[in-house]
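Going down the list, the protein sequences come from chains A and B.
Counting from 4, one number per residue, gives the positions in the first sequence under this note's numbering.
Counting from 547, one number per residue, gives the positions in the second sequence under this note's numbering.
We treat Cβ as the ideally placed atom computed from N, Cα and C, and that holds for glycine.
Just so we're clear, the structure is a prediction, and the values are computed from it rather than from any experiment.
Right, one structure below, let's go through it.
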Amino acid sequence: MRTPLALAISAAALAFSSAALADDPKQGGTVNTIIQPEPPGLVLGMVQNAPTRTVAGNIYEGLLRYTTDLEPMPQLAESWDVSDDGRTYTFHLREDVTWHDGEPFTADDVVFSADVFHRELNPSARAVLQHVESIEATDDHTVVFTLTDPFGPFLISFEAGTFTMVPEHLYADTDFRNNEHNDHPIGTGPFKFANWERGTVIELVKNDDYYEDGLPYLDGVNWHIIPDGGSRAVAFENGTIDVLPSGTVENFDIPRLSAMDNVCMTEEGHEYFSPFAMLWMNNREGPTADKRFRQAVMYAMDREFAKDVLWNGLGNVPLSAFGSNARFQHDGLEPYDHNPERARELLAEMDYNGEEITILPLPYGETWTRWAEAVQQNLREVGINVSTQATDVGGWNQRLGDWDYDLAFTYLYQYGDPALGISRTYLSDNIAKGSPWNNVEGYENERVDELFNEAATAFPDEEREALYSEVQEILHEDVPVGWLMELGFPTLFRCDVQNLVTSGVGVNDGFKDAWLDR
Amino acid sequence: MVYARLILMRLFKAVIVLFLIVIFNFLLIQLAPGDPAAILAGEAGAADQEFLNQLRERFGLDQPMYVQLWRYVSGIAMLDFGYSYRLGVPVFDLIMDRLPATLLLTGTAFVLSLVLGIVAGSMAAARVKKPSGSLIMALALVFYATPLFWVALMSVVVFSVYLGWLPAYGLYTVGAGHTGFALVLDVATHLILPATTLALFFMAIYTRMTRTSMLDAAQQDFVKTARAKGLKPSVIQRRHILRNALLPIITLAGLQAGQMVGGAILTETVFAWPGIGRLMFEALQQRDYNLLLGIFFFSAALVIVFNILTDLVYRLADPRIKGAS
Chain A
4 MRTPLALAIS AAALAFSSAA LADDPKQGGT VNTIIQPEPP GLVLGMVQNA PTRTVAGNIY
64 EGLLRYTTDL EPMPQLAESW DVSDDGRTYT FHLREDVTWH DGEPFTADDV VFSADVFHRE
124 LNPSARAVLQ HVESIEATDD HTVVFTLTDP FGPFLISFEA GTFTMVPEHL YADTDFRNNE
184 HNDHPIGTGP FKFANWERGT VIELVKNDDY YEDGLPYLDG VNWHIIPDGG SRAVAFENGT
244 IDVLPSGTVE NFDIPRLSAM DNVCMTEEGH EYFSPFAMLW MNNREGPTAD KRFRQAVMYA
304 MDREFAKDVL WNGLGNVPLS AFGSNARFQH DGLEPYDHNP ERARELLAEM DYNGEEITIL
364 PLPYGETWTR WAEAVQQNLR EVGINVSTQA TDVGGWNQRL GDWDYDLAFT YLYQYGDPAL
424 GISRTYLSDN IAKGSPWNNV EGYENERVDE LFNEAATAFP DEEREALYSE VQEILHEDVP
484 VGWLMELGFP TLFRCDVQNL VTSGVGVNDG FKDAWLDR
Chain B
547 MVYARLILMR LFKAVIVLFL IVIFNFLLIQ LAPGDPAAIL AGEAGAADQE FLNQLRERFG
607 LDQPMYVQLW RYVSGIAMLD FGYSYRLGVP VFDLIMDRLP ATLLLTGTAF VLSLVLGIVA
667 GSMAAARVKK PSGSLIMALA LVFYATPLFW VALMSVVVFS VYLGWLPAYG LYTVGAGHTG
727 FALVLDVATH LILPATTLAL FFMAIYTRMT RTSMLDAAQQ DFVKTARAKG LKPSVIQRRH
787 ILRNALLPII TLAGLQAGQM VGGAILTETV FAWPGIGRLM FEALQQRDYN LLLGIFFFSA
847 ALVIVFNILT DLVYRLADPR IKGAS
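Written out as structure tokens, the structure is:
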């Protein structure tokens, strides 16, 4: 394993080489894109949902950025050191950064953001901050984080959407949620907030005082708000829209749109989130409480078919609980391939009596409904008596929060490290009613708890790798949930939009480097 | 004087009805599964218990239901509609912000359907048993029976994608920076497709109703008298038959007008028209109760207002109706 410093060097080298290869970028022009659904607000950290990240990732920044291989790149921090015991991280900040209102960005902003703002408001940051003992500004441009233990994923937590830097001079000692600046977010990013016509458009304009020379190239970005998927496809088709971020049109529209002239497609830019689609299986009651039944479900599902037909061949069928973009994936496990014969054997072995079970599809559009139908058909083929139940988002949340389901679709972000995005699904102390985002399946295994907890703070990485390998073997055997797919979310764009995706969070911070070849 | 008393009586009743509607809506909404905090947390993709508790406390959802109801009703009594959970903006501001776009759309559709419907219906009544009359009625039947969303999508495909004549969505051209007359023209072009789509269904109803009602009136004795007097057929048609055929049309127009605030959900969604209908639909999906109840309140108030207006218009159209019947 390479040291963080080596990572920083290689990241810098990568950034340099890609800059050298590009044509001479042209200045100017406005890109029209889509935001779906309309975000509830634009202050990152206060609101963390996907549309907010996508728009506000261009207004706000974090200390670091990440390559598509999830290696850290300098952003507001130009360099960083890690102590030998993995417990002290020192960030050296850029000295030429100002907020959009002209105030200088300093170490005090970092301390305020991390220690006060995020501790109070932000659940994803809180999960990291519980490993942080103290945060100190040693001078105006140096911040030292001292950890209680060598928390493995610490360096991957500084992405703008998770650890946004917010201006202390506007937020300190205020009621954050009712702060008057929430309507007009002030960040350090390449674009400034200009206007939000509710229900119609969010407009960002170029930050002329941006600290990176020559950036950004674009004059602005307009995020159109169009509530109907068909209408969004039409808007792209007739040329009004230049960029369709992933998830803004139904999958079945993608082959048609990507076949048009001057339309390019990329799957890059989701490595940090790497959405992992899963099938919750209720481990508490009913046939799904039996491990053999859950294994039978895995063998019964034709996951490659779903990938090819429903997801246009994009994405990746995982071996087990760890996806390819999370670290420490164990690749020696025997895959659960499509094997209806084996599924029937397992069901016979457990004397499955034909008890009826239900599937809840994810209420996020047509693709998910069809996917549930495909799984239903697979399960019926091996003799499982199953039907689907439609819900809306509110109903789906409630059913899962109350554990009132047999099988249910979901997808979760992996956040580049098992301790951030994966362990939460299997740890037994993460079982709690009322939320669909914890250990909803009710899996309890002491050894798994031990291994995950130890691995999160083991040091160095070789230690973590051994622990995570063992945990994957146990999970692979127990099948607490069904592992469906690491989703491939394509971004469609006019080919003359250059340099659109330059990081592991894709279009969330990509307009910084983008330019129009028109 | 009679009118003033009538209006006062009706307004008094309206307040009671509105009060009952508020309570009923509040209770009804509790039946929907899921709560706004869980949905906001869900969109964030990650949430701990603390986050959910913070939200529920902020929204007042941690209180017993009767406390929530009391807070809401006493708020309404002071004309305070509360804050939208999701957007953190006063509900009243949100509604006022979206109301002009919706009224522009539904108002245009209302006038369009009423005028064209009555004209087409009168023509069909005058041409009964002629091919042209049958053609009008056949068209009306088609518009009546075709689902709104299908008409909307097809009109986009034909006029925006295929012919490229009209914009596919939105209220104005984003980024064009039009002002003054150019802006009016821009909005008007954007209005054509959604307003026509919305108007077609009611136009069909008005056409059918006008025709039937006029054929009915044409059988009456006073029409024979008018004819015997030697009046011109066109005058009889307009002054005697049409005027007497108007009552059912006014009833229907009152109903349609009552739907002007919340009646365009589908059209607004397909055409990305930034109006109340979309706001309502999104509020429903997000379980944004305050916002949803606020919109319900405005819709209900509008229905009541138009009911009163309809009653008054009856009296203008037909002076034989008197008193507060």
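What's the C-alpha gap between A:Asn-400 and A:Met-263? Mapped onto the first sequence, residue 400 of chain A falls at position 397. Mapped onto the first sequence, residue 263 of chain A falls at position 260. Cα-Cα distance, rounded: 38 angstroms.
May I ask you to list, following chain order, the residues of the stretch 204 to 232 of chain A that have a beta carbon less than 9 angstroms from some beta carbon of chain B? Answer set for the stretch 204 to 232 of chain A: Val-204, Glu-206, Gly-223, Asn-225, His-227, Ile-228, Ile-229, Pro-230 and Asp-231.
With distances taken Cα to Cα, identify the nearest neighbour of B:Pro-779 among B:Trp-696, B:Ile-751, B:Arg-673 and B:Gly-809. Working through the second sequence from its first residue, we reach residue 779 of chain B at position 233. Here the closest residue by C-alpha is B:Arg-673.
If you draw a straight line from the C-alpha of A:Leu-24 to the C-alpha of A:Lys-515, how long is it? Sequence index remark: in the first sequence, residue 24 of chain A carries index 21 (1-based). Sequence index remark: in the first sequence, residue 515 of chain A carries index 512 (1-based). Because the pLDDT at A:Leu-24 is just 47, under 50, the model does not fix this residue reliably, and the value given afterwards should be weighed accordingly. The straight-line gap from Cα to Cα measures roughly 17 angstroms.
Got a sec: which bits of the stretch 762 to 783 of chain B sit with their beta carbon under 7 angstroms from any beta carbon on chain A, in order along the chain? none
Which residues, in order along the stretch 109 to 143 of chain A, keep a beta-carbon less than 9 angstroms from a beta-carbon of chain B? Within the stretch 109 to 143 of chain A, the residues whose Cβ lies closer than 9 angstroms to some Cβ of chain B are Glu-123, Leu-124, Asn-125, Pro-126, Ser-127, Arg-129 and Ala-130, listed in chain order.
Nearest to B:Arg-617 by CA position, among B:Leu-788, B:Phe-572, B:Arg-784 and B:Ser-845, is which residue? Along the second sequence, one-based indexing puts residue 617 of chain B at 71. Nearest of B:Leu-788, B:Phe-572, B:Arg-784 and B:Ser-845 to B:Arg-617, Cα basis: B:Phe-572.
For a contact meaning CB atoms closer than 9 angstroms, what does A:Thr-3 contact in chain B? For chain A, the structure presents residues 4 to 521; residue 3 of chain A sits outside this window and is missing.
Out of curiosity, what's the CA-to-CA distance linking B:Arg-789 and A:Arg-497? Start at 1 with the first residue of the second sequence, and residue 789 of chain B comes out as number 243. Start at 1 with the first residue of the first sequence, and residue 497 of chain A comes out as number 494. About 59 angstroms.
Nearest residue (CA-CA) to B:Leu-685, options B:Leu-746, B:Phe-843 and B:Leu-837: Position 139 of the second sequence holds residue 685 of chain B. Nearest C-alpha to B:Leu-685: B:Leu-746.
Quick one, are the C-beta atoms of B:Ser-706 and B:Asn-836 less than 7 angstroms apart? Within the second sequence, residue 706 of chain B is the residue found at index 160, counting from 1. Within the second sequence, residue 836 of chain B is the residue found at index 290, counting from 1. No; because the gap between Cβ atoms is not below 7 angstroms, this pair is not in contact.
Coil, strand or helix - A:Asp-112 by DSSP: For the purposes of this step, residue 112 of chain A is taken as residue 109 along the first sequence, with counting starting at 1. Residue state, collapsed to three classes: helix.
Identify which residue in A:Ser-506, A:Ile-38 and A:Tyr-471 has its Cα closest to the Cα of A:Leu-207. As a first step, residue 207 of chain A must be located in the first sequence, where it is residue number 204. With distances taken between Cα atoms, A:Leu-207 lies closest to A:Ile-38.
Once DSSP output is grouped into helix, strand and coil, what is the label at B:Lys-770? Locating residue 770 of chain B in the second sequence gives position 224, where the first residue counts as 1. Three-state result, B:Lys-770: helix.
Identify the contact partners of A:Glu-369 in chain B, using a Cβ-Cβ distance below 7 angstroms as the criterion. Counting from 1 along the first sequence, the entry for residue 369 of chain A is found at position 366. Going along chain B, no residue has its Cβ under 7 angstroms from A:Glu-369, so there is no contact; the nearest lies around 15 angstroms.
Could you confirm whether any beta carbon from chain B is found closer than 7 angstroms to the beta carbon of A:Leu-24? Along the first sequence, one-based indexing puts residue 24 of chain A at 21. Any reading at A:Leu-24 is ruled out, since the residue's pLDDT is 47, under 50, leaving its predicted position unreliable.
Identify the contact partners of B:Gln-831 in chain A, using a Cβ-Cβ distance below 8 angstroms as the criterion. The residue you call residue 831 of chain B lines up with position 285 of the second sequence. Near B:Gln-831 (Cβ distances below 8 angstroms), the residues of chain A are Asp-395, Val-396 and Gly-397.
Looking at A:His-134: is its Cβ nearer than 7 angstroms to the Cβ of A:Lys-195? Looking up residue 134 of chain A in the first sequence gives position 131. Looking up residue 195 of chain A in the first sequence gives position 192. It is not a contact, given that the beta carbons lie outside the stated cut-off.
Chain A contact residues for B:Ser-706, given Cβ-Cβ distances below 8 angstroms: Within the second sequence, numbered from 1, the residue matching residue 706 of chain B stands at position 160. Per Cβ cutoff of 8 angstroms: Val-237 and Asn-241.
Mind checking whether A:Asn-312 and A:Gly-485 have CB atoms under 7 angstroms apart? Reading the first sequence from its first residue, position 309 is the one you call residue 312 of chain A. Reading the first sequence from its first residue, position 482 is the one you call residue 485 of chain A. According to the sequence provided, residue 312 of chain A is Val. The question's Asn does not apply to it. For A:Val-312 and A:Gly-485, no; Cβs fall outside 7 angstroms.
Kindly list, in the order they appear in chain A, the residues whose Cβ is closer than 7 angstroms to that of B:Asp-594. The residue labelled residue 594 of chain B in the question sits at position 48 within the second sequence. Within 7 angstroms Cβ-Cβ: Pro-126 and Arg-129.
Closer than 8 angstroms by beta-carbon distance: list the chain A residues that pair up with B:Arg-632, in chain order. Position 86 of the second sequence, counted from the first residue, corresponds to residue 632 of chain B. Per Cβ cutoff of 8 angstroms: Pro-43.
For A:Ser-506, decide whether its Cβ has a neighbour in chain B, counting only Cβ atoms nearer than 7 angstroms. Residue 506 of chain A sits at position 503 when you count from the first residue of the first sequence. Chain B places no beta carbon closer than 7 angstroms to that of A:Ser-506, leaving this residue out of the contacts.
Please determine if the stretch 816 to 826 of chain B and the stretch 219 to 239 of chain A are in contact, where contact requires at least 3 C-beta pairs separated by less than 8 angstroms. yes
Taking a contact to mean a Cβ-Cβ separation below 7 angstroms, would you say A:Trp-314 touches A:Ala-411 in this structure? As a position in the first sequence, residue 314 of chain A is number 311, starting the count at 1. As a position in the first sequence, residue 411 of chain A is number 408, starting the count at 1. The answer is no: Cβ separation not under 7 angstroms.
Which class does A:Phe-514 belong to by DSSP, given the choice of helix, strand or coil? The count along the first sequence starts at 1 and reaches residue 514 of chain A at position 511. Correct three-state label for A:Phe-514: helix.
Which same chain residues, not among the five before or five after A:Val-58, have their C-beta less than 7 angstroms away from its C-beta? Residue numbering aside, residue 58 of chain A sits at position 55 when the first sequence is read from its first letter. The beta carbon of A:Val-58 sits closer than 7 angstroms to the beta carbons of Ile-38, Pro-42, Leu-45, Ile-205 and Trp-226 from its chain, once the five residues preceding and following it are set aside; these are given in chain order.
DSSP puts A:Ile-189 in a beta bridge; with which residues? The count along the first sequence starts at 1 and reaches residue 189 of chain A at position 186. A:Ile-189 pairs with nothing; no bridge assigned.
Own chain, CB closer than 8 angstroms to A:Glu-384, minus 5 neighbours either side, in chain order: As a first step, residue 384 of chain A is located in the first sequence; it is residue number 381 there, counting from the start. So the qualifying residues of the chain are Ala-303 and Pro-343.
Could you tell me which uninterrupted alpha helix (DSSP H) segments, each at least 4 residues in length, are contained entirely in the stretch 226 to 259 of chain A, listed from first to last along the chain? 232 to 240
Determine contact between the stretch 652 to 659 of chain B and the stretch 744 to 760 of chain B, defined as no fewer than three beta-carbon pairs at a distance below 8 angstroms. yes
Beta-carbon separation of A:Leu-349 and A:Leu-336 under 7 angstroms? The count along the first sequence starts at 1 and reaches residue 349 of chain A at position 346. The count along the first sequence starts at 1 and reaches residue 336 of chain A at position 333. In this structure, A:Leu-336 does not lie closer than 7 angstroms to A:Leu-349 by Cβ.
What does B:Ala-584 touch in chain A if you count any residue whose Cβ is under 8 angstroms from its own? Here residue 584 of chain B refers to the residue found at position 38 of the second sequence. Scanning chain A for C-beta atoms nearer than 8 angstroms to the C-beta of B:Ala-584 yields Gly-397, Asn-400, Gln-401, Gly-404, Gly-437, Ser-438 and Pro-439, reported in chain order.
Residues from the stretch 602 to 629 of chain B in contact with chain A, defined by Cβ distance under 8 angstroms: Contact annotation: in the stretch 602 to 629 of chain B, residues whose CB is within less than 8 angstroms of a CB in chain A are Arg-604.
Taking the DSSP output, what are the residues bridged to A:Asp-142? Residue mapping note: residue 142 of chain A aligns to position 139 of the first sequence, counting from 1. Note: A:Asp-142 sits in a beta bridge opposite A:Thr-145.
So, helix, strand or coil for B:Lys-675, using DSSP? Taking the first residue of the second sequence as 1, we reach residue 675 of chain B at position 129. Here B:Lys-675 sits in coil by DSSP.
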